[in-house]
Amino acid sequence: MSVTSSATSPRRTKDVTSLNVNDITPRTAIEQYWAARALTAEALLKARTDHHKEMRAMSYSEDMKRERERSNLMRANEDKLLRMEKLLWALFATIALLCLLVVYMGLRYNEPKPKHHHWLLPSHFTIPILSPFTSVVEHETSALGAKVIIPSVMVSALLFYAVYRHWIVAYLQRQKS
Numbered sequence: 006m007s008v009t010s011s012a013t014s015p016r017r018t019k020d021v022t023s024l025n026v027n028d029i030t031p032r033t034a035i036e037q038y039w040a041a042r043a044l045t046a047e048a049l050l051k052a053r054t055d056h057h058k059e060m061r062a063m064s065y066s067e068d069m070k071r072e073r074e075r076s077n078l079m080r081a082n083e084d085k086l087l088r089m090e091k092l093l094w095a096l097f098a099t100i101a102l103l104c105l106l107v108v109y110m111g112l113r114y115n116e117p118k119p120k121h122h123h124w125l126l127p128s129h130f131t132i133p134i135l136s137p138f139t140s141v142v143e144h145e146t147s148a149l150g151a152k153v154i155i156p157s158v159m160v161s162a163l164l165f166y167a168v169y170r171h172w173i174v175a176y177l178q179r180q181k182s
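Shown next, in the form of structure tokens:
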């Protein structure tokens with residue numbers, strides 16, 4: 006609303022110049038109403054900004070706490086995986102050592118022995134209790150020899166390690182993403 010009356014404008018300037026800066030209390034009901042609304046709005050604004058500051062500080066501390074916990078868990082997980090890999094290598098070395106021992110034993114005792122002529126025992130002997138025609142063979146052979154068993158054990162151990170290693174790498178990639 007614009008004031009066009011010349012009588013009111015000098016009065017306003019007179020009121021403004023005669024006002025004391027320390028005395029700005031609302032005098033009319035309308036001034037008191039707007040002053041109360043302004044005080045309420047300022048109080049609510051201050052409470053809201055304080056609340057936002059507290060929430061930001063709290064969320065920051067919670068984020069930092071979560072980040073520390075996450076890094077501790079990742080470090081513990083990496084240590085656990087490192088120990089598991091060392092255990093796997095130890096088991097692989099043990100299996101390889103046992104395979105080499107089996108090969109050595111097979112080759113060592115598979116060599117043709119020089120025949121001692123003073124031991125001339127038959128390789129077949131008859132057990133008379135079973136039947137007069139039944140004989141027992143001393144040197145039996147299996148269907149799968151050491152030449153088949155040893156490579157199959159080694160290949161299966163390598164395949165097991167490759168599958169296990171692939172599983173660990175896939176698990177770590179899922180953890181990072």
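Its first residue numbered 6, the sequence shown is counted upward by one per residue in my numbering. Here a beta-carbon is modelled for each residue, glycine too, at the ideal position from N, C-alpha and C.
query	result
Once DSSP output is grouped into helix, strand and coil, what is the label at T54?	helix
Could you please give the first and the last residue of the uninterrupted alpha helix (DSSP H) stretch that includes R170?	151-181
For the structure I just gave you, are there three or more beta carbon pairs, one from the segment 146-166 and one from the segment 53-62, closer than 8 Å?	no
Whole angstroms are fine: how far does the CA of L93 sit from the CA of Y109?	24 Å
Can you tell me whether DSSP reads I35 as helix, strand or coil?	helix
Does DSSP classify T30 as helix, strand or coil?	coil
Under 8 Å: do the segment 98-113 and the segment 70-90 share three or more Cβ pairs, one atom per stretch?	no
Just the C-alpha distance for I35 and L44, rounded to the nearest angstrom, thanks.	14 Å
Residues in the same chain with beta-carbon distance under 6 Å from N82, minus the five sequence neighbours each way, listed in chain order, please.	none
Return the CA-CA distance between G150 and T99, expressed in angstroms with no decimal places.	22 Å
From A167 to R71, what does the alpha carbon distance come to, in whole angstroms?	35 Å
If you draw a straight line from the alpha carbon of L164 to that of W172, how long is it in whole angstroms?	12 Å
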